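Enquirer: Before anything else, here's the structure in question.
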Amino acid sequence: MTLSPGEAQLLGWLDAQHQPMVALLGQLVDTDSGSYDEEGVARAGAIIRDHLEARGIACEKIAQADGSFSVKATVPPRDGAAGNAHVLLLGHRDTVFPKGTVALRPFRVEGERAYGPGVADMKAGLVMNAFVLEAFARFGGGARPLVDLITSDEEIASPASRPVIEDAARGARAVFNAEPGRPSGALVVGRKGAMFITIEVAGRAAHSGGAHEQGISAIEELCRKVLELHDLTDYETGTTANVGLIRGGQSVNTVAPLAVAEVDVRFKTIAAMADAEAAIARILEGAHLAGTTTRITRKAAFLPLEQTAASRAVFEHYVACAAELGMAVGGEYAGGSADSGFTAAVGAPTLCGTGPIGEKAHSPDEVCHLDTLVPRAKVLALAIARLPA
Ligand SMILES: [Zn+2]
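First residue of the sequence shown: 636, per my numbering; consecutive thereafter.
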């Protein structure tokens, strides 16, 4: 291994940060921050901001349309390096767990494993990014501005954070999204995109005994549409449609005036997303039962992370830096979606899953491999330090 003196300084400092990293992780995990828990998400943001500002790192609080905020921390480049494209570190501080989860199962460490809500997805990634940022700040900055963006609502497809993420990613030399590393240690080099759509069918209520013929069943119309929606699934192209929730009707003896379905559609490319959107519009427009109307009442979407020549080059660069530090890292494709799709779509070479290794996200058994906190931080720091022009 041949590190420059500057690289040795960065990595040597990170080597000694295991305990402080675990301490910050514990503080973050013990702060409930479910996506709909505004106060908790704000508090988690304040913890990271206070942590960074206490270390002399400039933080900006970026207000978002719904009253929430993202935190943007910046370490300027060393003298004479102004004008180089920046590197963006990305992470979300919301979790899928509602307020009160921490009281039931707070942060817990057993050997080299840590447990608690959001410990892997992705509070460990936030901690890693914060320490990489601090490493660069301590030793005078790198060859490029280093930006760390901490967002508020990824688990619900980032309705408020998305424009802030896209702004921060525009023109970036590389984006590293610290979602948990795969159990194998692999990064995520591609992800499916997703749309979550709520549809509502309106029919006409009538007594099912006395006036059956006057009713128009929203449930029947919805059922026919569910079959059409499921027909969008094509494993060959990777597009899938799943109606995961349905509800409707008023009573057993009423022809149903209303029915609602929630659909999850996944796709591999932006072109496939456009195809699916057009097909869904056609399905919703038509009526099997005359007199029914169908509308979309909610829609949220993640864009797919499509690999490009530029993002493949950043991946190969990261793999080479990992090898330099004695680690073998692969790349995997993931069916789940993330903010990395938004950064890739604005043209920024993006790598996802750079965070510490995690497993069983979104479940009570979620676990973070603590022994990967420092190693992953070191690879990331080296990859940033050596990023070619
Ligand atoms: Zn996540």
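For glycine and all other residues, C-beta sits at the position ideal for the given N, C-alpha and C.
Just so you know, these numbers come straight off a predicted model, no measurement behind them.
(1) Grouping DSSP H, G and I as helix and E and B as strand, with all else coil, what is V964?
(2) The alpha helix (DSSP H) with D650 in it runs from where to where?
(3) Looking at A973 and ligand 1, is the gap between the Cβ and the nearest heavy atom below 7 Å?
(4) Under the rule that 16 or more other beta-carbon atoms within 10 Å means buried, what is G691, buried or exposed?
(5) Looking only at DSSP bridge pairs, what is F811 linked to?
(6) Should M763 be listed as close to ligand 1, given that the test is whether its C-beta is under 7 Å from any heavy atom?
(7) Nearest by alpha-carbon distance to V782: which of H721, R826, E814, G820 is it?
(8) Quickly, what does DSSP pair G828 with across the bridge? List them, please.
(9) Less than 8 Å between the beta carbons of A749 and R743, yes or no?
(10) Does the distance from the C-beta atom of L725 to that of I791 stay below 8 Å?
(11) Tell me the DSSP bridge mates of E1002?
(12) Given a cut-off of 8 Å, decide if L938 and A980 are closer than it, judged by their beta-carbon atoms.
(13) Can you give me the C-alpha to C-alpha distance between E789 and L867, rounded to a whole angstrom?
(14) Quick check on the DSSP output: what are the complete beta strand (DSSP E) runs of length 3 or more inside the region 676 to 742, in order along the chain?
(15) Report yes if the C-beta distance between A700 and T978 is below 8 Å; otherwise report no.
(16) For the region 893 to 901 against the region 865 to 883, are there 3 or more C-beta pairs whose distance is under 8 Å?
(17) How far does the alpha helix (DSSP H) with V949 in it extend, from its first residue to its last?
(18) Considering only residues of the same chain and omitting the five flanking positions on each side of Q652, which have a CB-CB separation below 7 Å?
(19) Mapping the DSSP letters down to three states, classify K888 as helix, strand or coil.
(20) Name the two residues that bound the continuous beta strand (DSSP E) containing K934.
(21) Measuring CB to CB, does K734 end up less than 8 Å from D672?
(22) Measuring CB atoms only, is the region 1010 to 1023 touching the region 826 to 834, in the sense that at least three cross pairs come out at less than 8 Å?
(23) Could you give the distance in angstroms between the alpha-carbon of V676 and the alpha-carbon of E695?
(24) Compare the Cα-Cα distances from K707 to each of D650, N812, L784, T889 and report the closest residue.
(25) Could you pull the DSSP bridge partners for L880 from this structure?
(26) For the beta strand (DSSP E) containing V782, list its first residue and its last residue.
(27) Determine the direct distance from the alpha carbon of E835 to that of N877, and round the result to whole angstroms.
(28) Identify every residue that forms a DSSP beta bridge with E745.
(29) Would you identify the three-state DSSP class for G806, choosing helix, strand or coil?
(30) I want to check one thing, is the minimum distance from the CB of M757 to the heavy atoms of ligand 1 below 7 Å?
(31) Looking at E789 and ligand 1, is the gap between the Cβ and the nearest heavy atom below 7 Å?
(32) Ignore the nearest five residues each way along the sequence and tell me which others in A945's own chain have a CB closer than 7 Å to its CB.
(33) Can you give the beta carbon distance from W648 to A770, rounded, assuming they're within the 8 Å contact cut?
(34) Any idea what DSSP makes of H842, helix, strand or coil?
(35) So, for K934: in the same chain, excluding its five sequence neighbours on each side, which residues have a beta-carbon less than 6 Å away from its beta-carbon?
(36) Excluding the 5 residues flanking S796 on each side, which residues of the same chain have their C-beta closer than 6 Å to its C-beta?
Expert: Let me spell this out:
(1) For the purposes of this step, residue 964 is taken as the residue at position 329 of the sequence shown. V964: coil per DSSP, three-state reduction.
(2) Taking the first residue of the sequence shown as position 1, residue 650 is located at position 15. Its alpha helix (DSSP H) spans residues 640 to 650.
(3) Along the sequence shown, one-based indexing puts residue 973 at 338. A973 Cβ: within cutoff of ligand 1.
(4) Indexing the sequence shown from 1 puts residue 691 at position 56. Classification of G691: exposed, given that the 10 Å Cβ count is below 16.
(5) Taking the sequence shown and counting its residues from 1, the one referred to as residue 811 is at position 176. Partner(s): L724, L986.
(6) Here residue 763 refers to the residue found at position 128 of the sequence shown. No - ligand 1 has no heavy atom lying nearer than 7 Å to the Cβ of M763.
(7) In the sequence shown, residue 782 corresponds to position 147, counting from 1. Considering only alpha carbons, the answer is H721.
(8) For this step, residue 828 is matched to residue 193 along the sequence shown. Paired residue(s): F902.
(9) By one-based count along the sequence shown, residue 749 stands at place 114. By one-based count along the sequence shown, residue 743 stands at place 108. The answer is yes: Cβ separation under 8 Å.
(10) Looking up residue 725 in the sequence shown gives position 90. Looking up residue 791 in the sequence shown gives position 156. Not a contact, by the Cβ cut-off of 8 Å.
(11) Position 367 of the sequence shown holds residue 1002. Correcting the residue type first, residue 1002 is Val in the shown sequence and not Glu. Looking at the DSSP assignment, V1002 forms a beta bridge with Y750, E994.
(12) If you number the sequence shown from 1, residue 980 lands on position 345. If you number the sequence shown from 1, residue 938 lands on position 303. It is a contact, given that the beta carbons lie within the stated cut-off.
(13) Start at 1 with the first residue of the sequence shown, and residue 789 comes out as number 154. Start at 1 with the first residue of the sequence shown, and residue 867 comes out as number 232. Roughly 26 Å separates the two Cα atoms.
(14) 693 to 698, 704 to 710, 722 to 727
(15) As a first step, residue 700 is located in the sequence shown; it is residue number 65 there, counting from the start. As a first step, residue 978 is located in the sequence shown; it is residue number 343 there, counting from the start. Cβ distance not < 8 Å, so A700 and T978 don't count as in contact.
(16) yes
(17) Stepping through the sequence shown from its first residue, residue 949 is reached at position 314. It spans 944 to 959 - the alpha helix (DSSP H) in which V949 sits, taken as one unbroken run.
(18) As a first step, residue 652 is located in the sequence shown; it is residue number 17 there, counting from the start. F766, V1009.
(19) Reading the sequence shown from its first residue, position 253 is the one you call residue 888. What sits at residue 888 in the sequence shown is Asn, not Lys. Reduced to three states, the DSSP call for N888 is coil.
(20) Counted from its first residue, the sequence shown places residue 934 at position 299. Taken as a continuous stretch (DSSP letters only), the beta strand (DSSP E) holding K934 covers 928 to 937.
(21) As a working note, residue 734 is residue 99 in the sequence shown. As a working note, residue 672 is residue 37 in the sequence shown. Taking 8 Å as the Cβ cut-off, K734 and D672 qualify as a contacting pair.
(22) no
(23) Residue 676 sits at position 41 when you count from the first residue of the sequence shown. Residue 695 sits at position 60 when you count from the first residue of the sequence shown. Rounded to the nearest angstrom, the two C-alpha atoms are 16 Å apart.
(24) For this step, residue 707 is matched to residue 72 along the sequence shown. Nearest C-alpha to K707: L784.
(25) Counting from 1 along the sequence shown, the entry for residue 880 is found at position 245. E897.
(26) As a first step, residue 782 is located in the sequence shown; it is residue number 147 there, counting from the start. Element bounds for V782: 781 to 786.
(27) Position 242 of the sequence shown, counted from the start, is the residue given in the question as residue 877. Position 200 of the sequence shown, counted from the start, is the residue given in the question as residue 835. Each residue's Cα considered, the two are about 16 Å apart.
(28) Locating residue 745 in the sequence shown gives position 110, where the first residue counts as 1. In DSSP, E745 forms a bridge with R748.
(29) The sequence position of residue 806 within the sequence shown is 171, counting from 1. Residue state, collapsed to three classes: coil.
(30) By 1-based counting over the sequence shown, the position of residue 757 is 122. Because some heavy atom of ligand 1 lies under 7 Å away, the Cβ of M757 counts as near it: yes.
(31) Position 154 of the sequence shown, counted from the start, is the residue given in the question as residue 789. Answer for E789: yes, Cβ within range of ligand 1.
(32) Mapped onto the sequence shown, residue 945 falls at position 310. Cβ within range, chain order: P984.
(33) By 1-based counting over the sequence shown, the position of residue 648 is 13. By 1-based counting over the sequence shown, the position of residue 770 is 135. Correct: roughly 5 Å between the Cβ atoms.
(34) Here residue 842 corresponds to residue number 207 of the sequence shown, with the count starting at 1. H842 falls in the strand class under three-state DSSP.
(35) Translated into positions along the sequence shown, residue 934 becomes position 299. Only I832 meet the Cβ criterion.
(36) Taking the sequence shown and counting its residues from 1, one reaches residue 796 at position 161. Only S705, T786, S787, D788 meet the Cβ criterion.
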